[in-house]
Structures are given as structure tokens and as C-alpha cells.
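J.:
There are 2 protein chains.
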Amino acid sequence: MTKIIELEEIKNEIEKIDLIPLIEKGFIEYSKGNVVVPPVGELLFHDPPGDVHIKYGAINNDDYYVVKIASGFSQNPKLYGISPLQGLMLLFNQKTGQPISILLDQGYLTNVRTAVAGTISAKYLAPKNVKQIGIVGTGSQARIQLKYLKSVTNCKDVIVWGRSKEKLESYKNDMTNIGYNIKTTTNMEDITSSSNLIVTTTSANQSLLKVDQIQKGTHITAMGSDTIEKRELDPNIFQIADLVIVDSISQSKQRGEVFHALKADCIKEEQLIELGKMIENKKYHRSSDDQITIADLTGVAIQDIQIAKAVYQGIINWQ
Amino acid sequence: MTKIIELEEIKNEIEKIDLIPLIEKGFIEYSKGNVVVPPVGELLFHDPPGDVHIKYGAINNDDYYVVKIASGFSQNPKLYGISPLQGLMLLFNQKTGQPISILLDQGYLTNVRTAVAGTISAKYLAPKNVKQIGIVGTGSQARIQLKYLKSVTNCKDVIVWGRSKEKLESYKNDMTNIGYNIKTTTNMEDITSSSNLIVTTTSANQSLLKVDQIQKGTHITAMGSDTIEKRELDPNIFQIADLVIVDSISQSKQRGEVFHALKADCIKEEQLIELGKMIENKKYHRSSDDQITIADLTGVAIQDIQIAKAVYQGIINWQ
Numbered sequence: 005m006t007k008i009i010e011l012e013e014i015k016n017e018i019e020k021i022d023l024i025p026l027i028e029k030g031f032i033e034y035s036k037g038n039v040v041v042p043p044v045g046e047l048l049f050h051d052p053p054g055d056v057h058i059k060y061g062a063i064n065n066d067d068y069y070v071v072k073i074a075s076g077f078s079q080n081p082k083l084y085g086i087s088p089l090q091g092l093m094l095l096f097n098q099k100t101g102q103p104i105s106i107l108l109d110q111g112y113l114t115n116v117r118t119a120v121a122g123t124i125s126a127k128y129l130a131p132k133n134v135k136q137i138g139i140v141g142t143g144s145q146a147r148i149q150l151k152y153l154k155s156v157t158n159c160k161d162v163i164v165w166g167r168s169k170e171k172l173e174s175y176k177n178d179m180t181n182i183g184y185n186i187k188t189t190t191n192m193e194d195i196t197s198s199s200n201l202i203v204t205t206t207s208a209n210q211s212l213l214k215v216d217q218i219q220k221g222t223h224i225t226a227m228g229s230d231t232i233e234k235r236e237l238d239p240n241i242f243q244i245a246d247l248v249i250v251d252s253i254s255q256s257k258q259r260g261e262v263f264h265a266l267k268a269d270c271i272k273e274e275q276l277i278e279l280g281k282m283i284e285n286k287k288y289h290r291s292s293d294d295q296i297t298i299a300d301l302t303g304v305a306i307q308d309i310q311i312a313k314a315v316y317q318g319i320i321n322w323q
Numbered sequence: 005m006t007k008i009i010e011l012e013e014i015k016n017e018i019e020k021i022d023l024i025p026l027i028e029k030g031f032i033e034y035s036k037g038n039v040v041v042p043p044v045g046e047l048l049f050h051d052p053p054g055d056v057h058i059k060y061g062a063i064n065n066d067d068y069y070v071v072k073i074a075s076g077f078s079q080n081p082k083l084y085g086i087s088p089l090q091g092l093m094l095l096f097n098q099k100t101g102q103p104i105s106i107l108l109d110q111g112y113l114t115n116v117r118t119a120v121a122g123t124i125s126a127k128y129l130a131p132k133n134v135k136q137i138g139i140v141g142t143g144s145q146a147r148i149q150l151k152y153l154k155s156v157t158n159c160k161d162v163i164v165w166g167r168s169k170e171k172l173e174s175y176k177n178d179m180t181n182i183g184y185n186i187k188t189t190t191n192m193e194d195i196t197s198s199s200n201l202i203v204t205t206t207s208a209n210q211s212l213l214k215v216d217q218i219q220k221g222t223h224i225t226a227m228g229s230d231t232i233e234k235r236e237l238d239p240n241i242f243q244i245a246d247l248v249i250v251d252s253i254s255q256s257k258q259r260g261e262v263f264h265a266l267k268a269d270c271i272k273e274e275q276l277i278e279l280g281k282m283i284e285n286k287k288y289h290r291s292s293d294d295q296i297t298i299a300d301l302t303g304v305a306i307q308d309i310q311i312a313k314a315v316y317q318g319i320i321n322w323q
């Protein structure tokens with residue numbers, strides 16, 4: 005029997021899982037070449053606009069393989085009053101092909117595993133003394149980032165950038181409730197001049213952060229862009245970066261910020277270091293308060309494999 | 005709420021659906037360019053051997069998009085006493101990304117839609133007078149083909165080829181029960197010398213049918229090969245064929261019999277005619293009893309779209 009798991013059960017289970025070591029282990033195995041992750045499948049719709057990503061893969065000789073379908077339909081809230089992020093994860097038996105479990109997560113696990121990858125990036129790359137966290141965007145990823153960043157930085161001062169004053173206020177209210185001091189701005193300069201840990205979370209199609217705005221000692225985690233079209237960073241920022249980390253080199257050549265920076269000749273492939281390799285090797289961690297570092301995350305199926313397995317196993321162990 | 009549909013309900017519903025026009029319409033839309041079908045996603049396992057195919061796509065401006073995960077683990081019957089074919093189909097809302105229905109079909113709908121594509125090929129390409137049907141293989145596709153061929157030919161005389169006498173006997177028993185006269189053989193020559201409608205359904209990795217065995221007036225539907233490795237036909241057969249039909253030109257350049265024939269220079273891309281184009285144009289139907297015709301089917305997501313939609317809509321209309 006295929007075990008169907010609903011969102012509420014998933015949300016309960018996630019609170020019991022130590023996610024950072026789980027996802028770190030996944031990235032390490034991936035960068036060692038022990039994980040099969042074929043290129044991302046993609047479907048794009050235009051009316052209304054939506055992109056669907058199919059990520060799938062398996063750890064060699066594991067019990068499972070995982071397929072994740074996740075979509076972003078940006079007009080969902082306006083048109084239908086529902087979340088832009090939708091989707092589900094599927095866990096299959098690697099020895100027989102049988103579907104073991106369907107996790108009806110409505111995009112929630114994608115949100116969580118993405119936030120955890122951002123947290124891992126900050127753990128190794130953010131300055132020791134984070135004076136202020138700069139968040140670009142006011143959506144669900146901009147929120148969940150702060151929840152998970154608590155485990156790697158004590159900084160509670162946040163400035164958030166958005167275009168809509170209403171959404172900024174709503175963000176401020178919600179994040180104040182979980183213990184942060186929130187300032188809001190519609191001017192990106194306010195973010196870059198005051199924050200040395202910046203997380204970008206929008207689905208913008210053009211550069212939001214400019215190269216001349218970036219201060220020495222800044223770490224940027226760029227997680228909004230996961231297609232050819234989307235981008236949040238001026239590619240010239242890559243020219244002044246001391247370290248550029250990507251979750252997947254093969255994927256970042258095809259989508260995300262690095263894809264644009266490579267095309268613009270602002271970085272060379274040899275400079276890219278994979279997250280899983282960085283975690284294990286201190287020479288790729290931040291080594292001074294002056295460095296400019298970037299983590300460009302497009303999301304890799306190994307994150308989905310790790311989180312889907314952990315949720316499923318946690319739930320059946322309780323039953 | 006996502007509607008979960010179990011196998012038994014799917015099997016009941018399928019009997020109520022007029023599948024041939026449904027799948028024909030899908031192929032016609034596909035060949036007109038009205039369907040988005042990205043390249044097939046694939047995961048290959050080795051211990052035990054298994055291949056997983058992820059097929060997905062959407063009709064432009066339709067209400068749905070579909071993702072199908074289907075796998076073949078050939079040692080399933082021997083190792084675990086279960087079917088080699090496993091999988092499920094997922095129906096999503098094309099406007100919001102929400103999962104509408106999960107069809108836990110265990111590969112059954114893939115089997116049906118594949119058999120229907122074979123039936124459509126026979127409808128337009130088999131000789132008017134089918135003297136004997138030759139079936140290559142004794143598995144589930146070899147069985148279901150006969151069930152659906154009833155709707156396009158009156159011929160009830162069948163010869164089946166297999167390697168295992170036990171499986172041949174089991175096939176003979178089962179197919180005799182649905183009204184066929186079955187002869188069995190382990191010698192391919194017996195098939196090619198007596199049958200003018202041949203359907204190949206194995207997962208062989210080398211040619212089973214040789215060019216010098218093929219008689220004038222034969223139609224061959226090759227449906228076993230759907231990867232780079234698998235093949236059932238000597239590529240030289242394509243050199244003596246008068247008509248070569250494929251379900252998808254783009255896909256057949258990457259997998260299946262035509263992939264091998266193109267590589268061996270036994271056919272040129274310009275000679276390939278898509279099934280959806282053939283259906284609509286009489287000049288690509290069989291026009292004489294002497295022609296040798298081939299339909300090479302690798303399976304296209306439009307078949308999955310059509311069958312998943314029809315089953316879901318049929319079931320909710322009853323409720």
C-alpha cells in the first residue's frame with residue numbers, strides 16, 4: 005500500500021527532525037558523486053504564468069528513489085487566494101519501482117529544504133559578527149529563512165526589502181511575532197549598506213542588487229532564481245566575490261545567477277565550489293571579515309530525497 | 005483535496021471509455037504541435053536492473069498537466085512475485101499547479117495506452133486480410149495487445165514467440181480463454197513466415213527479427229524498445245520498409261528502434277512520419293497488400309495525458 009501523507013502530518017513531523025545535518029549529509033554525498041540527479045524537468049505555462057519543476061534522483065544503493073513536482077504560479081494568491089507554491093513529493097522503492105509514499109506537502113517541504121540550504125550557507129559563509137540580516141522579498145521563503153537562521157546566528161536585527169508597503173507591513177508583523185526586530189524598506193541601498201548577511205528570495209527577472217552597492221565583508225545567499233529567466237544579482241557582483249558556492253555545478257550552468265554570470269563572463273566555471281565540497285573543507289569557509297561571498301542555490305533533488313525519506317521514516321516509526 | 009484513485013477503480017472505469025478515438029485525438033494534437041512534451045526523464049538502476057521513465061506534458065490551454073512515473077524492474081516476478089511494471093499517474097491543475105488526482109495504476113494505464121497505440125497502428129497499417137497475428141513476447145503487453153486488437157481485426161489466429169516454454173503455455177491458456185487460437189514457438193522464423201501483422205513486446209537488447217525473415221506485405225508494430233539500450237528489430241528492416249511511422253519523431257531520435265536504424269544509416273529522418281500525421285492523411289495509410297510497414301512506438305506523454313484525464317473525469321462524473 006502506498007502511504008499518503010497530508011500536509012498537517014508533514015508539518016508536525018518536520019519539527020522533530022534535525023534538518024541541518026540531514027541536508028548537509030545529502031550535499032556531501034551529492035558532491036562526492038554518490039547521488040544520481042538527472043537534469044531538472046520543466047514545464048512553463050503563460051496564462052496565467054507558472055513554472056513546474058520536476059526534480060528526481062537517488063542515492064546509489066539506497067532503498068529509495070524520489071520524484072518531486074513543485075510549481076510556482078505567482079498569480080495564485082491574487083486570482084485564487086492560494087499559495088503560489090504547490091506540489092508534492094513521491095518516494096519509490098529503488099529495488100522494485102513500487103510507490104512507497106506520497107507526501108502531499110503543497111510545496112511546504114521545498115520551502116523548508118530550501119531554507120535549510122540557505123542556513124547551511126550562512127553557517128559557513130556569514131561573517132562571525134552578523135550586524136544585521138538583509139532579506140530581499142516578503143514571500144514564504146523570506147519568512148521561513150528567518151525561522152531556520154536562528155540556529156546559526158544570534159542576530160535578531162533584520163531589514164527587509166519589498167515593493168509593496170502592505171506586504172512589508174505584514175512581513176514585519178509576522179516576523180516580530182517570532183522574535184525579530186524588523187525594519188522595512190523599498191530602497192535596496194538600505195539593505196546593502198547595513199547588512200552583512202543578505203538573503204535574496206524573489207522571483208525577479210532582473211538584477212535587484214548592483215555591484216557598487218555591495219560592501220566588503222558581505223555574504224549573499226541567492227535563492228530566488230531557479231530558471232533561465234529569473235535573476236536577482238548584477239552579474240558583476242561575481243567579479244568582486246572571494247568565494248562562489250553553488251549547490252550543484254552542473255545545474256548552475258543551466259539556471260540561476262551563476263548561469264547569467266558565466267554568460268556575462270563575470271566568473272569562470274573553475275571558480276565554482278559545490279556546497280557539499282565546501283562543507284567538508286575549511287579552506288572554502290569564510291576566513292576573514294573582509295571577504296565577499298556568494299552562495300547561489302537553485303535547489304537539488306538530493307535535498308528532496310533527504311527530506312522526503314526523513315519525514316516518511318519518522319512517521320512510520322511512530323505508527 | 006487531491007483525489008486518490010486505486011487500481012480497481014481505474015480498471016472498472018477503463019472499460020467504459022472509448023479509448024481509440026481518445027488516443028487518436030491526442031496523437032493528432034501532438035503532431036500538430038499543440039502539446040508540450042519535454043524529453044523523457046530517466047533513472048536507471050543496476051542491482052537489480054530497473055529503468056524508470058518520467059513522462060510529462062500538457063495540451064496547450066487545457067485544464068490539466070500530467071506527470072507519469074512508470075518503471076520496469078524485470079526481476080520483480082522472480083525476486084518478489086510482483087509485476088515488473090510499476091508506477092502511477094498524476095493530474096495537476098494547469099492554472100494553479102495544484103495536484104488534482106493521483107492514479108495509483110501500478111503501470112496498468114501505461115500498459116493500456118501502449119496497447120491502444122499499437123491498435124491504432126494496426127488499424128491503418130495492417131493488411132486488409134490479416135492471416136495470422138504474430139506476437140513476440142509473452143508478458144503483460146503481449147496479452148493486452150490481443151484484447152485491444154479485437155476492435156480492428158477479425159483475425160483470431162495467433163502465433164506467439166517466447167524463450168520459455170512455461171511462459172508460452174501460460175500465454176496460450178490465458179489467450180485461448182479470451183477467444184484466440186494460439187500456436188506457440190521458440191523459433192522466430194515460424195512467426196515471420198506465417199504472420200502479416202507482427203507485434204514485438206519484449207525488453208530485448210538485441211535484434212530478434214532479421215531482415216531476411218521479413219515477408220512482403222508484413223506490418224510490424226515494435227513497442228518493446230523505449231530506451232537507448234533496448235531493441236528488437238534488425239535495423240536493416242528499415243531499409244526494406246515502405247512506410248515508417250513513429251509516435252514521436254523527436255523521441256525516436258533518442259530511443260527505440262528508429263534511434264538504432266538512424267545510427268546505422270538504415271533510414272533518414274525525412275522518411276519518418278508521425279502517428280498523429282498518419283492518422284489524418286490517407287496517403288500514409290497502407291495502400292497495397294505488398295507493402296512492408298513499421299510502427300515504432302516509444303510511448304509519448306500525450307497518451308498518458310489523454311488516459312489520465314479520461315479516467316479521472318469518468319470517475320468524478322459518476323460521484
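Line by line, the protein sequences are chains U and S. Sequence positions in the first sequence follow our numbering and run 5 to 323. Sequence positions in the second sequence follow our numbering and run 5 to 323. C-beta: ideal position from N, C-alpha, C; glycine also.
1) With distances taken Cα to Cα, identify the nearest neighbour of U:K82 among U:P52, U:K313 and U:K154.
2) List the whole-angstrom C-beta distance separating S:I241 from S:I218, where the pair is believed to meet the contact cut-off of C-beta under 8 Å.
3) For the beta strand (DSSP E) that S:R235 lies in, which residues bound it at each end?
4) For S:W322, which option in S:E12, S:E17, S:T6 and S:L11 has the closest C-alpha, if you only look at C-alpha atoms?
5) Can you tell me where the beta strand (DSSP E) holding U:I298 begins and where it ends?
6) For U:F77, does the three-state DSSP call read helix, strand or coil?
7) Give me whichever residues DSSP pairs with U:H289 in a beta bridge.
8) Quick one: complete alpha helix (DSSP H) runs, 4+ long, within the stretch 140-181 of chain S?
9) How far does the alpha helix (DSSP H) with U:I232 in it reach, from first residue to last?
10) Would you verify that the beta carbon of U:T100 is, or is not, closer than 8 Å to some beta carbon of chain S?
11) Note the first and the last residue of the continuous beta strand (DSSP E) segment covering U:T6.
12) Is the stretch 191-208 of chain S close to the stretch 216-230 of chain S, with three or more CB pairs under 8 Å?
13) Where does U:R167 land, buried or exposed, given buried means 16+ other C-beta within 10 angstroms?
14) Taking contact to mean at least 3 C-beta pairs separated by less than 8 Å, is the stretch 119-134 of chain U in contact with the stretch 286-301 of chain U?
15) Tell me the rounded alpha-carbon separation between U:Q243 and U:K214.
16) Going by beta carbon distance, what residues of the same chain come within less than 7 Å of S:G260, once the five residues before and after it are set aside?
17) How many Å lie between S:V162 and S:I137 at the Cα?
18) Is the distance from the Cβ of S:E58 to the Cβ of U:G45 below 8 Å?
19) Kindly indicate which three-state DSSP category S:T204 falls into: helix, strand or coil?
20) Can you tell me whether U:D194 is helix, strand or coil according to DSSP?
21) Shorter than 7 Å, the distance from the beta carbon of U:I232 to the closest heavy atom of the ligand PLP, or not?
22) Three or more C-beta pairs under 8 Å: does that hold for the stretch 118-131 of chain S against the stretch 169-176 of chain S?
23) Taking contact to mean 3 or more Cβ pairs, one atom from each stretch, closer than 8 Å, check whether the stretch 135-154 of chain U and the stretch 201-211 of chain U are in contact.
24) Between the Cα of S:M93 and the Cα atoms of S:Q110, S:N38 and S:Q79, which residue gives the shortest distance?
25) Ordered along the chain, which non-local residues of its own chain (more than five positions away) have a Cβ less than 8 Å from that of S:S211?
26) If the cut is a Cβ gap below 8 Å, which residues of chain U does S:P42 touch?
27) On the CB-based measure, 16 or more other CB atoms within 10 Å of its CB, does U:M227 come out buried or exposed?
28) Should the stretch 30-44 of chain U be called in touch with the stretch 272-290 of chain U, which here means at least 3 C-beta pairs below 8 Å?
29) Check whether the Cβ of S:A119 lies closer than 8 Å to any Cβ atom in chain U.
30) From U:P42, U:S105 and U:D55, pick the residue whose C-alpha is nearest to that of U:I9; which is it?
31) How big is the Cα-Cα spacing for U:S254 and U:A121?
32) Whole-angstrom Cβ separation of U:A312 and U:V41, contact assumed at under 8 Å?
33) Looking at the unbroken alpha helix (DSSP H) that takes in U:P25, where does it start and where does it end?
34) Can you give the Cα-Cα distance for U:L89 and S:G61, rounded to whole angstroms?
T.: By the coordinates alone:
1) The shortest C-alpha to C-alpha distance from U:K82 to any of U:P52, U:K313 and U:K154 is the one to U:P52.
2) 6 Å
3) R235 to L237
4) S:E17
5) T297 to D300
6) Coil at U:F77, not helix or strand.
7) Beta-bridge pairing links U:H289 to no other residue.
8) 144-153 and 169-181
9) Element bounds for U:I232: n/a, residue is neither H nor E.
10) yes
11) It is not in any beta strand (DSSP E) - U:T6 carries neither H nor E in the DSSP assignment.
12) yes
13) exposed
14) The stretch 119-134 of chain U is in contact with the stretch 286-301 of chain U.
15) 12 Å
16) Counting only Cβ-Cβ distances below 7 Å, and skipping sequence neighbours, we find S229, D230, D300 and T302.
17) Per the coordinates, the alpha-carbon of S:V162 lies some 5 Å from the alpha-carbon of S:I137.
18) According to the sequence as given, residue 58 of chain S is Ile; it is not Glu. The answer is yes: Cβ separation under 8 Å.
19) In this structure, S:T204 counts as strand in the three-state DSSP scheme.
20) DSSP places U:D194 in helix when its eight states are reduced to three.
21) Annotation note on the ligand PLP: not contained in the displayed structure, which lists no ligands.
22) no
23) yes
24) S:Q110
25) R235, E236, L237, D238 and P239
26) G45, E46 and L47
27) buried
28) The stretch 30-44 of chain U is in contact with the stretch 272-290 of chain U.
29) no
30) U:S105
31) 17 Å
32) The pair is not a contact, with the Cβ atoms about 14 Å apart (cut-off 8 Å).
33) L23 to S35
34) 19 Å
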